[in-house]
Amino acid sequence: MIAWWRKRRAAQQARERREPVEQMLRRLDFTVLRPIALRLGGDLQSKVRGSGFDLAEIREYQPGDDVRHLDWSATARTGVPHVRQTYADRALDVWLLVDVSPSIDWGTARRTKRSHAQELVAAISQVVGRHNNRVGAILFAERPLDVLPPAIGRPHLFRLLAKLRETPRRTVGGRTNLAAALDLARSAIRRPSVVVVVSDLLVADGWAEALGKLTTRHEVVVLRIVDPRESELPDVGIITLEDPETGEQLVVDTTDARLRARFAEAARAQAERIDRLLVTRGVRRVVASTAADLLPPLLELLDRRRVVAAQRGAFRQRRPA
12 MIAWWRKRRA AQQARERREP VEQMLRRLDF TVLRPIALRL GGDLQSKVRG
62 SGFDLAEIRE YQPGDDVRHL DWSATARTGV PHVRQTYADR ALDVWLLVDV
112 SPSIDWGTAR RTKRSHAQEL VAAISQVVGR HNNRVGAILF AERPLDVLPP
162 AIGRPHLFRL LAKLRETPRR TVGGRTNLAA ALDLARSAIR RPSVVVVVSD
212 LLVADGWAEA LGKLTTRHEV VVLRIVDPRE SELPDVGIIT LEDPETGEQL
262 VVDTTDARLR ARFAEAARAQ AERIDRLLVT RGVRRVVAST AADLLPPLLE
312 LLDRRRVVAA QRGAFRQRRP A
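Just so we're on the same page, my numbering is the position in the sequence shown counted from 1, plus 11.
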């Protein structure tokens, strides 16, 4: 069973690698990027208040405010001086922490988790790359493997996608160390940024504390890549399961309904535990399944970030002077 699956997985990976990057980007342009542009415009806005054109809020004038920012319409309507505050015309840095460990080579639906992650990274990079927003990346497995400083432009996107495709599928061994990648991000990212963690979160323990530290300065979103067979076992007889990172094997009889139920319960408990850890750290989670299209999780990712921006704006307006 293992030999058959390895052969099938190798063939699937070969097909995914044979697709040229240009062809993948053209396909994403029609299936993902254009619908996003129609739905949201695809822009990520700076949280910094300053000189710009995008309105943040209109509030009452306070001593020390620049009189050049007076909003005469609101002042005439209310009889009280009001000023306009705008978002600064400043590019945003978006960092992608991408899991390239052996566990993301798994895939039983439309594509492997690795291919799904690559397409998500390509789409995110193009969406946020508009209006001079810069995209950087940290690739990690059992340790951080590569750092690409934030940059703009198509050549930078091609370098990033080439790194994702060229990263060795087998590393020196050991569990995926997300905590080390988060610690590196905390020390390497100099300015407040948006950090998107692209991973299946099948990683060694200890990452939640490092994630919480990262959120004190940056806005963090977790894009979790999943496959349907990670949450339920099919009834296909006796099979051998193998941990892709440690090589440990276990022979199981999938005709046993109680075994399948225990497996599903363990998977559900694991997912709930991950969600609790994310919630307690104030991190939003978006799930991207290899059995689903790319568009829904990307729309959810952008929608949620806009909700966060709106909530922060409302909080600032309610906060007493």
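A virtual CB, placed ideally from N, CA and C, is assigned to each residue, including glycine.
query: Closest by CA to A190, which one among S204, A221, H167 and S210?
result: It is A221 whose Cα lies nearest to the Cα of A190.
task: Specify the secondary structure class of I236 as computed by DSSP and reduced to three states.
output: Three-state DSSP puts I236 in a strand.
query: When you compare each of L103, E68 and G185 to E259 by their alpha carbons, which one comes out closest?
result: Taking only the C-alpha atoms, the option nearest E259 is G185.
Unbroken stretches of the alpha helix (DSSP H), 4 residues or longer, contained in the region 207-293: Runs of the alpha helix (DSSP H) inside the region 207-293: 218-226 and 268-291.
query: Rounded to a whole number of angstroms, what is the C-alpha to C-alpha distance between A272 and M35?
result: Separation of A272 and M35 (C-alpha to C-alpha, rounded to the nearest whole angstrom) is 38 angstroms.
message: Just to confirm my understanding: we take V183, look at its own chain, exclude 5 residues before and 5 after, and list those with CB closer than 7 angstroms. What are they?
response: For V183, the pLDDT reaches just 48, beneath the cut-off of 50, and the residue's location in the model is therefore unreliable, although a value from the coordinates is still provided. Residues of the same chain with a CB within less than 7 angstroms of the CB of V183, apart from the 5 flanking positions on each side, are E153 in chain order.
task: Just mark S84 as buried or exposed, buried being the case when its beta carbon has 16 or more other beta carbons within 10 Å.
output: Exposed, since its Cβ has fewer than 16 Cβ neighbours within 10 Å.
- request: Go ahead and label G53 buried or exposed: buried means 16 or more other beta carbons lie within 10 angstroms of its beta carbon, across all protein chains shown.
  value: For G53, the predicted model reports a pLDDT of 42, less than 50, meaning its position is unreliable and no value from the coordinates is stated.
query: According to DSSP, is I69 helix, strand or coil?
result: Secondary structure at I69: strand, using DSSP grouped into helix, strand and coil.
query: Are there 16 or more other CB atoms within 10 angstroms of the CB of N188, so buried, or fewer, so exposed?
result: Counting the other CB atoms within 10 Å of its CB gives N188 a total of 16 or more, which places it among the buried residues.
query: Taking C-beta to C-beta, are A275 and E243 nearer than 8 angstroms?
result: With respect to the 8 angstroms criterion, A275 and E243 are classified as neighbours on the basis of their beta carbons.
field: DSSP-derived helix/strand/coil call for I163
entry: In the structure shown, I163 sits in coil (DSSP, three-state: anything other than H, G, I, E or B).
- request: On a CA-only basis, which of D238, P203 and L270 is nearest L213? Give me that one, please.
  value: The residue with the shortest Cα to Cα distance from L213 is D238.
message: Excluding the 5 residues flanking A278 on each side, which residues of the same chain have their C-beta closer than 8 angstroms to its C-beta?
response: Leaving aside the five residues that flank A278 on each side, the residues in its chain whose CB is nearer than 8 angstroms to its CB run, in chain order, E241, S242 and E243.
task: Given a cut-off of 8 angstroms, decide if A219 and R141 are closer than it, judged by their beta-carbon atoms.
output: The answer is no: Cβ separation not under 8 angstroms.
task: Say whether the region 115-133 touches the region 294-306, bearing in mind that this needs 3 or more beta-carbon pairs closer than 8 angstroms, one atom from each stretch.
output: Enough Cβ pairs lie closer than 8 angstroms, so yes.
query: Buried or exposed: E123, going by 16 or more other Cβ atoms within 10 Å of its Cβ?
result: Strictly speaking, residue 123 in this sequence is Thr, with Glu absent from that position. So T123 counts as buried.
query: Are the CB atoms of V297 and L225 nearer to each other than 8 angstroms?
result: A distance of 8 angstroms or more separates the beta carbons of V297 and L225.
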